[in-house]
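Trainee: I have a structure I would like to understand better, so I am pasting it below and will then ask my questions one at a time.
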Amino acid sequence: MNAATMSDSSSVANGPKSEIYEALTSIRLIDPHSHINPHSPASTTLADVLGYHYYTELAHSAGMPKSQIEDKAIGPKELVERLVGGLQPLENTAQYSWLIEICRTFFGFEEDRLHLNNWEALYDRSESIMASAQWSETVLDQSNVQAVFLTNDFDDALEGFDTETYIPCLRTDDLVFHLAKPEVRGRLAACTGIELDGSLESLRSSLKQRFEHFVSRGARACAISIPPTFTPTPVGDGRASTALNAVLQQGISADASHRDALARRVFWTLAELCDEFGLPFDLMIGVNRQVYPEGVFQGQDLYDSRVSLIQYRELFNSFPNVKFPVSVLASVTNQELVSYAWIFPNVITNGHWWYSNTPSFIARDAAARLEAVPQTKQIGYYSDAYKLEFIWPKFDMYRKVLSGVLADQFVSDRGWSVERAVELGRKVLRDNVEEIFPLPKGATNSSSEEASGDDADSPSIGVESLGALGVATAVAGVTEVLDFGSTPAVEEPQQAETDSNELESLDVDALPADEEVQELGVDDVELLDDTAASETSAEQLDSLVDDEPLDVGNLLDDESPSEPITQLRGESSFSPDDDSLQLESDPNTGEFTLPVSDSDDDDIIITESENIAASGDESPAERTDPTAETVEELEEFDLDFLSDDDEPAKES
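With the working numbering, letter number 618 in the sequence shown gets 766, and the count goes up by one each step, no holes.
This is the structure in structure tokens:
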């Protein structure tokens, strides 16, 4: 059963809402946040489905003891039986509808309730279906899902899975809030090879190494879940150094002020690295951990309405180039989120998280966002799923709500066409995910690495095909496109692919007719435009430069060294001064000029200099200063006409 078939069974009424819903169902999704394990992405038994914390915490809330749910002595089948026995109080919840939808869609369940009289047959049938080696791919295909964002621990090796389907994201909660724990610092040192030695440089280097690791493997975001009491602000080097050393020495026993200062320093450094590496920083704000410590696993945390985004104003202002997709835990915070996304260019509304992930809250919150926030700044939904089977029912719940909002507020109230409403739905469902979370520079995907060998065989005009002239031009920094038509081509020998038979030479006319070509039985020549130059990287150019310069020999054919230059007056060095330069300042313009006289004394001066240099008897100071005569000549020169020109100027 594919996505189109599943939509036929949905209870969406006819009219614009139904049309919009059908169109949205056909959109192939990218889930921008989940907790999927890429090494075991789909369920193996019904216990993986019913073991989702939504069901265990609701069953416990309805009266089932925690000991019955988390009994390690029982197997998956007995756990399902116990949980099914506690499902009846949950039948009114949205979470229960997800369960029934999963059973119908993937396991052929035809009833509308799961109880103690029908669960075992469903268990056995679902187990045989999930045993397929291609079960994960089947679930993705039937759910119309292209890719899923993960939540990866900072020390995840990110190996053994397709990073184009399962997209890594760096989760940083432990780095920010639990660095005082020795085991966290040990994990950081083990994965980075950098020990925290008390210096801020070691802290930043280790964090940067994690970004390099994740980005190189296709990570699209950095993410963190934040308690309502946390306020991210910068911490000075001195305070941060004191806090780091206190935490390294005392661990979790360090004073709370030191642990808080270090947490804020690490968080701020993460924001700086997001800016440096071009990663969005997902903020999931407002969760209080272990409010109910006696609750089941993952059923102990609650939101706090006292949280405010004003706590993040310095962060949003300090990093205008970092995109902050923000999730709020409670619907009561949604209006504030809408307002911040309204004002801040880098704040983005992101999904409907946890306790606000039910149809009524989604309808109200989605409508508020769609009517107030630019459509390019909204990520409509994410599944937050732990197993692939949950992506379909959770997204389908959102699609139904979104279809109603678009039909009522945009088609009915504003007069939009259904097509225009669908375009808006597509943008918040799919297009914005690709725009807000692009593949960062320097990233590689596991599947793209395998395809790189194929790309090497494709025809291109890179550095290797430019020849000697092209390489020299590229190294010289010439960026203009060469005129290959006027440049002699340098043909490089290529080994042709042939079979064991020798090629037969063919006598072909220079301009063969069509009949001759057909009789020869060979393919016609295909003319290709090979003038389009591809981009050439610095690494390619560097690889072609010889390590040692080429020995070109004596280009000037001058084997013997030149005779040393002899100063005219026998000096060992030349130090210019006014006398030796023979320069005079023009009395009118102030310009320095060589002396000029009516007689040609150049030969006399040169001859005199040569005699001095040859004899070596006279010092330069004893020779006649030729400028004296020039000064006398200038004094005799009539300059009266200059004073005549100045008189009108003086009068004005």
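Just so it is clear, CB atoms sit at the ideal spot from N, CA and C, and this is done for glycine as well.
#1: For the alpha helix (DSSP H) containing PHE297, list its first residue and its last residue.
#2: With respect to the beta strand (DSSP E) encompassing PHE429, which residues constitute its N-terminal and C-terminal limits?
#3: Just the Cα atoms here: how many angstroms apart are PRO493 and ILE458?
#4: By how many angstroms is the C-alpha of ILE372 removed from the C-alpha of TYR530?
#5: Less than 8 Å between C-beta atoms, sequence neighbours within five positions excluded: which residues of the same chain meet that for ALA419?
#6: Within a Cβ cutoff of 6 Å, which residues of the same chain sit near PRO382, ignoring the five residues on either side of it in sequence?
#7: What residue does the alpha helix (DSSP H) around ALA520 start on, and which one ends it?
#8: Helix, strand or coil for SER166 per DSSP?
#9: Excluding the 5 residues preceding and the 5 following TYR244 in the sequence, name in chain order all residues of the same chain whose CB lies nearer than 6 Å to its CB.
#10: For THR340, count neighbouring C-beta atoms within 10 Å of its own C-beta (all shown protein chains included) and say buried if the count is 16 or more, exposed if not.
#11: Taking the alpha-carbon positions, what's the GLN801 to LEU231 distance?
#12: What residues are listed by DSSP as bridge partners for TYR451?
#13: How many Å lie between ALA624 and ALA591 at the Cα?
#14: Could you name the residues of the same chain whose beta carbon sits closer than 7 Å to that of ALA402, not counting the 5 residues immediately before and after it, in chain order?
#15: Given VAL435, which residues of its chain have a CB within under 7 Å of its CB, disregarding the five upstream and five downstream residues?
#16: Using CA atoms only, rank isn't needed, just tell me which of VAL287, LYS356 and PHE325 is closest to ALA411.
#17: Label PRO186 either buried or exposed according to how many other C-beta atoms from any shown protein chain fall within 10 Å of its C-beta, with 16 as the threshold for buried.
#18: I'd like to know whether the C-beta atoms of SER551 and ILE168 end up nearer to each other than 7 Å.
#19: Could you round the C-beta distance between LEU336 and LEU392 to whole angstroms and report it? I think they count as a contact, below 8 Å.
#20: Just the Cα atoms here: how many angstroms apart are ALA171 and ALA569?
#21: Quick one: what does DSSP say PHE492 is sitting in, helix, strand or coil?
#22: Tell me which same chain residues have a C-beta within less than 6 Å of the C-beta of PRO438, skipping the five on either side of it?
#23: If we ignore side chains and look at the alpha-carbon of each, how far apart do LYS535 and GLU343 end up?
#24: Count the other CB atoms within 10 Å of the CB of GLU567; is the residue buried (16 or more) or exposed (fewer)?
#25: Under a three-way DSSP split, which group does CYS422 fall into?
#26: What are the residues that DSSP puts in a beta bridge with ASN300?
#27: Could you pull the DSSP bridge partners for PRO380 from this structure?
#28: If LEU270 sits next to LEU194, beta carbons under 8 Å apart, how far is it from one beta carbon to the other, in whole angstroms?
#29: So, with DSSP's three-state summary, where would you put GLN282?
#30: Using 7 Å as the threshold, is the C-beta distance between VAL474 and GLN526 below it?
#31: Give me the residue from PHE362, ARG512 and ARG461 with the minimum Cα distance to ALA305.
#32: Measure the beta-carbon distance from ILE184 to VAL296 and round it to whole angstroms, keeping in mind my assumption that it falls under 8 Å.
#33: Quick check on this structure: which residue in PRO507, ARG407, ILE222 and GLU205 has the alpha carbon closest to the alpha carbon of PHE543?
#34: Compute the Euclidean distance between the alpha carbons of THR286 and HIS208, then round it to the nearest angstrom.
#35: Less than 7 Å between C-beta atoms, sequence neighbours within five positions excluded: which residues of the same chain meet that for VAL495?
#36: Per DSSP, what kind of secondary structure is THR241 in: helix, strand or coil?
Mentor: The answer reads as follows:
#1: Taking the sequence shown and counting its residues from 1, the one referred to as residue 297 is at position 149. Unbroken run through PHE297 is the beta strand (DSSP E), 293-297; no alpha helix (DSSP H).
#2: Taking the sequence shown and counting its residues from 1, the one referred to as residue 429 is at position 281. 429-433 is the span of the beta strand (DSSP E), which, as asked, contains PHE429.
#3: Indexing the sequence shown from 1 puts residue 493 at position 345. Indexing the sequence shown from 1 puts residue 458 at position 310. Spanning the two alpha carbons is a distance of roughly 16 Å.
#4: Here residue 530 is taken as the residue at index 382 of the sequence shown, counted from 1. Here residue 372 is taken as the residue at index 224 of the sequence shown, counted from 1. The straight-line gap from Cα to Cα measures roughly 15 Å.
#5: Taking the first residue of the sequence shown as 1, we reach residue 419 at position 271. Excluding residues within five positions, the ones whose Cβ falls inside 8 Å are PRO380, PHE429, LEU463, SER466, PHE467 and VAL470.
#6: Along the sequence shown, one-based indexing puts residue 382 at 234. Excluding sequence neighbours, PRO382 sits near TRP416.
#7: On the sequence shown, position 372 is the one that residue 520 refers to. Element bounds for ALA520: 507-520.
#8: In the sequence shown, counting from the first residue as 1, residue 166 sits at position 18. Here SER166 sits in helix by DSSP.
#9: Position 96 of the sequence shown holds residue 244. Within the same chain, TYR244 has close Cβ partners LEU238.
#10: In the sequence shown, residue 340 corresponds to position 192, counting from 1. Answer is buried; the Cβ neighbour count reaches 16.
#11: Coverage of the chain is limited to positions 149 through 800, which leaves residue 801 absent and any answer about it impossible.
#12: Against the sequence shown, residue 451 aligns to sequence position 303. VAL435.
#13: If you number the sequence shown from 1, residue 624 lands on position 476. If you number the sequence shown from 1, residue 591 lands on position 443. Unreliable positioning characterises ALA624 in this predicted model, as indicated by a pLDDT of 36, which lies under 50. The coordinate reading is nonetheless provided below. ALA624 and ALA591: Cα-Cα distance of roughly 30 Å.
#14: Residue mapping note: residue 402 aligns to position 254 of the sequence shown, counting from 1. Cβ neighbours of ALA402 beyond the five flanking positions: ALA328, ALA394 and VAL395.
#15: Walking along the sequence shown from the start, residue 435 turns up at place 287. Here the set comprises SER373, PRO375, ASP449, TYR451 and LEU477.
#16: Stepping through the sequence shown from its first residue, residue 411 is reached at position 263. Checking every option, the nearest Cα to that of ALA411 belongs to PHE325.
#17: Stepping through the sequence shown from its first residue, residue 186 is reached at position 38. Per the 10 Å Cβ criterion, buried.
#18: For the purposes of this step, residue 551 is taken as residue 403 along the sequence shown, with counting starting at 1. For the purposes of this step, residue 168 is taken as residue 20 along the sequence shown, with counting starting at 1. Contact flag set, yes.
#19: As a first step, residue 336 is located in the sequence shown; it is residue number 188 there, counting from the start. As a first step, residue 392 is located in the sequence shown; it is residue number 244 there, counting from the start. In fact, because the Cβ distance is near 13 Å, the residues do not count as touching under 8 Å.
#20: On the sequence shown, position 23 is the one that residue 171 refers to. On the sequence shown, position 421 is the one that residue 569 refers to. When rounded, the distance between both Cα atoms is 10 Å.
#21: One-based indexing of the sequence shown puts residue 492 at position 344. Note: PHE492 maps to coil in three-state DSSP.
#22: To locate residue 438, count along the sequence shown from 1; it is residue 290. The sequence shown places Gln at residue 438, not Pro. Cβ neighbours of GLN438 beyond the five flanking positions: GLN448.
#23: Within the sequence shown, numbered from 1, the residue matching residue 535 stands at position 387. Within the sequence shown, numbered from 1, the residue matching residue 343 stands at position 195. About 36 Å.
#24: As a first step, residue 567 must be located in the sequence shown, where it is residue number 419. Answer is exposed; the Cβ neighbour count stays below 16.
#25: Here residue 422 is taken as the residue at index 274 of the sequence shown, counted from 1. In this structure, CYS422 counts as helix in the three-state DSSP scheme.
#26: Within the sequence shown, residue 300 is the residue found at index 152, counting from 1. Bridge partners of ASN300: LEU318.
#27: Taking the sequence shown and counting its residues from 1, the one referred to as residue 380 is at position 232. Answer is none; PRO380 lacks a bridge partner.
#28: Taking the first residue of the sequence shown as position 1, residue 270 is located at position 122. Taking the first residue of the sequence shown as position 1, residue 194 is located at position 46. That belief holds up - the Cβ atoms of LEU270 and LEU194 are roughly 7 Å apart, short of 8 Å.
#29: The count along the sequence shown starts at 1 and reaches residue 282 at position 134. GLN282 falls in the coil class under three-state DSSP.
#30: Residue 474 sits at position 326 when you count from the first residue of the sequence shown. Residue 526 sits at position 378 when you count from the first residue of the sequence shown. Cβ atoms of VAL474 and GLN526: not closer than 7 Å.
#31: As a position in the sequence shown, residue 305 is number 157, starting the count at 1. Measuring from the Cα of ALA305, the nearest candidate turns out to be PHE362.
#32: The residue given as residue 184 occupies position 36 in the sequence shown. The residue given as residue 296 occupies position 148 in the sequence shown. About 5 Å separates the two Cβ atoms, so the contact holds.
#33: Within the sequence shown, the letter at position 395 stands for residue 543. Cα-wise, what sits closest to PHE543 is PRO507.
#34: Within the sequence shown, the letter at position 138 stands for residue 286. Within the sequence shown, the letter at position 60 stands for residue 208. Distance between the alpha carbons of THR286 and HIS208 is about 32 Å.
#35: As a first step, residue 495 is located in the sequence shown; it is residue number 347 there, counting from the start. Correct list, in chain order: PHE464, PHE472, VAL474, TYR488 and ALA489.
#36: On the sequence shown, position 93 is the one that residue 241 refers to. Coil, per DSSP.
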